[in-house]
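K.L.:
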């Protein structure tokens with residue numbers, strides 16, 4: 006089960022501000038490739054817009070995030086989840102860098118994931134560790 010959207014709806018969501026804030030948002034496929042992202046996501050991770058080859062989340066996030074993502078995509082019972090904020094820590098930071106939210110989308114008969122980078126300072130409890 007997943008949320009069902011058309012490609013135009015996804016592009017519209019990526020460009021719309023959320024609560025007067027531009028959250029970094031991207032659509033990821035089952036191979037961890039970034040299919041499309043908004044300008045806030047590209048700017049945060051230093052990605053070029055209009056690249057001929059899609060970037061992978063491996064290039065911008067720690068490898069343990071990929072494992073958490075793959076676990077999420079293979080679990081048919083989950084529609085959305087948060088990646089534990091300590092997975093994004095570089096090991097030297099005293100506080101979390103950010104959190105990620107994954108939500109499954111059904112876009113034109115493909116199951117994709119909406120990735121949202123949250124710049125929260127608060128402590129978020131999660132059920133997924135890696």
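Numbering (the numbering used here), first residue to last: 6 to 135. Using N, Cα and C, we set each Cβ at its ideal position, and we do this for glycine too. What you are looking at is a predicted structure, and each value in this text was computed from that prediction instead of being measured.
Can you tell me the Cα-Cα spacing of residue 41 and residue 64, whole angstroms?
P.N.:
As a first step, residue 41 must be located in the chain shown, where it is residue number 36. As a first step, residue 64 must be located in the chain shown, where it is residue number 59. Those two C-alpha atoms are separated by around 15 angstroms.
K.L.:
Could you name the residues of the same chain whose beta carbon sits closer than 6 angstroms to that of residue 38, not counting the 5 residues immediately before and after it, in chain order?
P.N.:
Position 33 of the chain shown, counted from the start, is the residue given in the question as residue 38. Result list for residue 38: 59 and 61, in chain order.
K.L.:
Could you tell me the alpha carbon to alpha carbon distance between residue 84 and residue 72, rounded to whole angstroms?
P.N.:
Within the chain shown, residue 84 is the residue found at index 79, counting from 1. Within the chain shown, residue 72 is the residue found at index 67, counting from 1. So the two alpha carbons sit approximately 17 angstroms from each other.
K.L.:
With distances taken from CA atoms, which of 106, 53 and 51 is nearest residue 217?
P.N.:
An answer regarding residue 217 cannot be provided, because it is not within the stretch 6 to 135 covered by the chain.
K.L.:
For the alpha helix (DSSP H) holding residue 79, just list the boundary residues, first then last.
P.N.:
Numbered from 1 along the chain shown, position 74 holds the residue referred to as residue 79. Segment 68 to 79, the alpha helix (DSSP H) holding residue 79.
K.L.:
Nearest-angstrom Cα distance between residue 45 and residue 111?
P.N.:
Residue mapping note: residue 45 aligns to position 40 of the chain shown, counting from 1. Residue mapping note: residue 111 aligns to position 106 of the chain shown, counting from 1. If you take the alpha carbons of residue 45 and residue 111, they lie about 23 angstroms apart.
K.L.:
Residue 118 lies in the alpha helix (DSSP H); which residues open and close that run?
P.N.:
Mapped onto the chain shown, residue 118 falls at position 113. Residue 118 -> not in any alpha helix (DSSP H); beta strand (DSSP E) instead, spanning 115 to 123.
K.L.:
Restricting to Cα atoms, I'd like to know which of 115, 104 and 35 is closest to residue 121.
P.N.:
Here residue 121 corresponds to residue number 116 of the chain shown, with the count starting at 1. Residue 104 is the option with its Cα nearest to residue 121.
K.L.:
Distance check for residue 49 and residue 28, CA to CA, integer angstroms please.
P.N.:
Position 23 of the chain shown holds residue 28. Position 44 of the chain shown holds residue 49. Whole-angstrom Cα-Cα distance: 10 angstroms.
K.L.:
Please confirm whether residue 33 and residue 118 have their CB atoms less than 8 angstroms apart.
P.N.:
The count along the chain shown starts at 1 and reaches residue 33 at position 28. The count along the chain shown starts at 1 and reaches residue 118 at position 113. Yes, these two residues count as a Cβ contact at 8 angstroms.
K.L.:
Hey, how far is the Cα of residue 81 from the Cα of residue 75?
P.N.:
Start at 1 with the first residue of the chain shown, and residue 81 comes out as number 76. Start at 1 with the first residue of the chain shown, and residue 75 comes out as number 70. Inter-residue distance for residue 81 and residue 75 is about 12 angstroms (C-alpha atoms, whole angstroms).
K.L.:
Can you tell me which of 56, 36, 123 and 68 puts its alpha carbon nearest to the alpha carbon of residue 87?
P.N.:
Within the chain shown, numbered from 1, the residue matching residue 87 stands at position 82. Nearest of 56, 36, 123 and 68 to residue 87, Cα basis: 123.
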